[in-house]
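In this note's numbering, the protein residues as written are 2 to 252.
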Ligand code: SF4
């Protein structure tokens, strides 16, 4: 099967590098997963609630009630069927964590919101990369481009490097100078939010472009490979990923 990549969203790029094998099952072979990892509806639900909060802050300069955000979270979460829960994260625990994180979010100092979920299209060497800026704010020193993440652990230097490259790409879609930051909503035993300034260099701009071109080539050559990681526990394609199912792994 010949694949030609004419455009690529950042989330598609990201799902490919998380596990090329999962990407091929889902996007190329169109296999149906037996379920979705609970991390996905959790992240989508928190994201949707945060989006509503910042849109409201932009329009009315005040945050909504936490209960309203929880209703948004729940409606997005419950939209997913056949959710696969990790051993340490049953549904009740995830909902309790979501409430704690959204309470912390509502109680953060207000910011001047310029844009929420702003789409960008970046031309990269003959194809397009589609991205979505989670949040653009402004303070006395200028614009700040934010990415909002949920995660199960504190950000490592490697995580920061990866987010720096994502933000470097998004910065190409903004005509004014910006600073960069990431807001991580952490699903820890004691949930917390970390707001981190992200230094973005010219080398990050260069590296993300090279990475995107390499991923495009890897997609087009159609040779998936597995990346065994903590994601395997709740992967909806785990049943196909057994080496005994070799026939399922070819195009
Ligand atoms: S089980 Fe693990 S290696 Fe296999 S597709 Fe899923 S995430 Fe990738």
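Heads up, the beta-carbon is just placed ideally off N, CA and C, and yes, glycines get one too.
None of these values were measured; they are calculated from a predicted model.
Residue 174 holds the alpha-carbon nearest to the alpha-carbon of residue 122 among 174, 241 and 15.
Around residue 233, the same chain offers 239 as residues with beta carbons nearer than 7 Å, after the five sequence neighbours per side are excluded. Leaving aside the five residues that flank residue 10 on each side, the residues in its chain whose CB is nearer than 6 Å to its CB run, in chain order, 131. For secondary structure counted as the alpha helix (DSSP H) over 4 or more consecutive residues, the stretch 57 to 141 holds these complete runs in sequence order: 67 to 78 and 92 to 107. Listed in chain order, the alpha helix (DSSP H) elements of length 4 or more contained wholly in the stretch 146 to 186 are 158 to 172.
Assigned with DSSP and collapsed to three states, residue 143 falls in strand. Under DSSP, residue 10 forms a beta bridge with 131. In the displayed model, residue 199 falls within coil according to three-state DSSP, outside both helix and strand. Shortest Cα-Cα distance from residue 104 to any of 180, 149, 164 and 47 involves 47.
Short of 8 Å from the beta carbon of residue 138, and not among the five residues preceding or following it, lie these beta carbons of its own chain, in chain order: 112, 113, 114, 115, 144, 145 and 147. Short note on residue 232: C-beta closer than 6 Å to some heavy atom of the ligand SF4. Under the three-state reduction of DSSP output, residue 35 falls in the coil class, being neither helix nor strand. Shortest gap from the CB of residue 239 to any heavy atom of the ligand SF4: under 6 Å. Here the alpha carbons of residue 177 and residue 44 stand approximately 30 Å from one another. By the CB criterion at 7 Å, residue 152 and residue 185 fall inside the cutoff. Assignment of residue 232 by DSSP, reduced to helix, strand and coil, places it in the helix class.
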